[in-house]
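Take a look at the structure below.
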Amino acid sequence: YKRQQVGHSKGLKSKLSDIDEMLDQGGVTDDILLSRMEVLNQLHDVQSSNNRDIMQKTKIRWAIEGDENSKYFHAIINKKRVNLSVKGVMVDGDWIDDPDLVKQEFRSHFANRFQDPGSRKGSLNFLFPNHLSNDQILDLESSISKDEIRTAVWGCGVDKSPRPDGFTFEFFRKYWAVVGPDFSTAVEWFFEHGDFAIGCNSSFVALIPKVLDPKVVSDYRPISIIGSLYKFVTKILATRLSLVILNLISDVQTAFLPNRQILDGPFIINEILARCKLKKQQAMIFNVDFAKAYDSIRWDFLDDVLIFFG
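Note that my numbering gives residue 463 to position 218 of the sequence shown, counting from 1, and the numbers run on in steps of one.
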């Protein structure tokens, strides 16, 4: 089958070359153009089939050799390091590759983004239409159970990178009978006192390129790997909030909620536009996007929102 595919691809390329030569000589007709389009489509199908075959072989090899201490494993790691390395950045039209200057530029950029803006520009002084019931408040504020902690640990997967403490989620699952009681005590301590022990909230921060060829600081985004204890605590909080969040968030919010799809928004807009055109009605639609929305949330404002939700 592989030899047939290779031979078919060569035949299509040869046929395409002959057609292009005829076009260069001035023999342009509708039949020739249609024939060229058909050959291009066939060649695209063959190449797509070859790409799928290569992708499947790559996945099979990774499943067999991916976790072994082999030449293939280290080649993958080294290639990833090269792709993620920051060799320099463009600043005001000048290319800077001095490590100290590059670090300073990144630090200045993210310090400006995450710094406290100081004074608040607004406050909430009205009641939300949706708010938590007394029963929901009691459920959210109830004591953490051992089963809840164990469910959070088992819900984090097993193939994630090690945390800053050096442990993977698989380690906690495999040796839960040994470390589970002490770890559960640490989680319960947080929910009783509201703070972590020194070092438990440490994290690794890395820069991930957002484009294939990053040139400026804004082409990178920071990502962090938090500690195991921190991760499980946030998992428990997220699980509890998921039980009541659908009662608080508006129906028009279509993303980042269970059983709702982010594409519902564009579909609704498309239906509105189609109806306006059909009825010949005038309409005005605003596309509003907040740059760095998650990075610009104030903690005091978030506290106010939670208070007004109950």
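C-beta: ideal position from N, C-alpha, C; glycine also. In this text the structure is predicted, and so the values were computed from the model without any measurement.
Where the alpha helix (DSSP H) through residue i begins and ends
i: SER487; result: 473 to 487
i: ASP384; result: 379 to 385
i: GLN349; result: 344 to 359
i: LEU547; result: 544 to 554
i: ALA519; result: 509 to 524
i: ASP392; result: 391 to 399
i: ARG418; result: 414 to 419
Residue i in three-state terms, based on DSSP
i: TYR246; result: Residue placement at TYR246 cannot be trusted, given a pLDDT of 49 that sits under 50; what the coordinates show is reported in the next sentence. Here TYR246 sits in coil by DSSP.
i: ASP339; result: strand
i: ARG490; result: Checking the sequence shown, residue 490 turns out to be Ile, not Arg. Helix at ILE490.
i: ARG297; result: helix
i: VAL334; result: strand
i: ARG281; result: helix
i: GLY256; result: helix
i: ASN375; result: coil
i: THR499; result: coil
i: GLY402; result: coil
i: HIS438; result: helix
i: GLN270; result: coil
i: ALA528; result: coil
i: ARG505; result: coil
i: LYS460; result: coil
i: LEU369; result: coil
i: GLY411; result: coil
i: SER262; result: helix
i: VAL533; result: coil
i: ILE322; result: helix
i: THR364; result: This sequence places Ser at residue 364; Thr is not what is there. Three-state DSSP puts SER364 in coil, outside helix and strand.
i: SER315; result: coil
i: SER429; result: helix
Interface flag, residue i vs chain D, CB-CB below 8 Å
i: GLY271; result: The structure shown has no chain D; it contains just one protein chain.
Per DSSP, cross-strand counterpart(s) of residue i
i: SER448; result: ILE471
i: PRO454; result: TYR465
Proximity winner among the options, relative to residue i (alpha-carbon distances)
i: PRO467; options: ASP298, ASP263, PHE359; result: PHE359
i: LEU369; options: PHE554, ASP549, LYS522; result: ASP549
i: VAL331; options: ASP496, PRO454, PRO503, LEU551; result: PRO454
i: ASP339; options: LYS460, ILE513, ASP276, VAL403; result: LYS460
i: ASP337; options: ASN504, VAL462, SER387; result: VAL462
i: PHE441; options: LYS476, ALA422, GLY425; result: LYS476
i: PHE531; options: ALA356, ILE517, LEU346; result: ILE517
i: ASP509; options: ASP496, ALA519, ARG520; result: ASP496
i: SER364; options: ASP276, TRP544, PHE553, GLY555; result: TRP544
i: GLN287; options: LYS391, LEU261, ASP384; result: LEU261
i: GLY444; options: ASP410, ASP427, SER429; result: ASP410
i: PHE186; options: ASN515, PHE512, ALA483; result: The shown model of the chain, from 246 to 555, leaves out residue 186, and the question about it has no answer.
i: GLY425; options: PRO407, LYS405, SER390; result: SER390
heavy atom of the ligand SAM below 7 Å from residue i C-beta
i: ASN323; result: Looking for the ligand SAM in the displayed structure turns up nothing, as the structure carries no ligands at all.
- Three or more beta-carbon pairs under 8 Å between the region 445 to 458 and the region 481 to 489, yes or no? no
- Item | contact_flag[the region 371 to 380, the region 471 to 480] where n(CB pairs < 8 Å) is 3 or more | no
- Message: Is it the case that the region 324 to 333 contacts the region 417 to 435, given that we only count it when at least three CB pairs across the two stretches are under 8 Å?
- Response: no
- Task: Specify whether the region 394 to 402 and the region 418 to 426 touch according to this definition: at least 3 beta carbon pairs, one from each stretch, less than 8 Å apart.
- Result: yes
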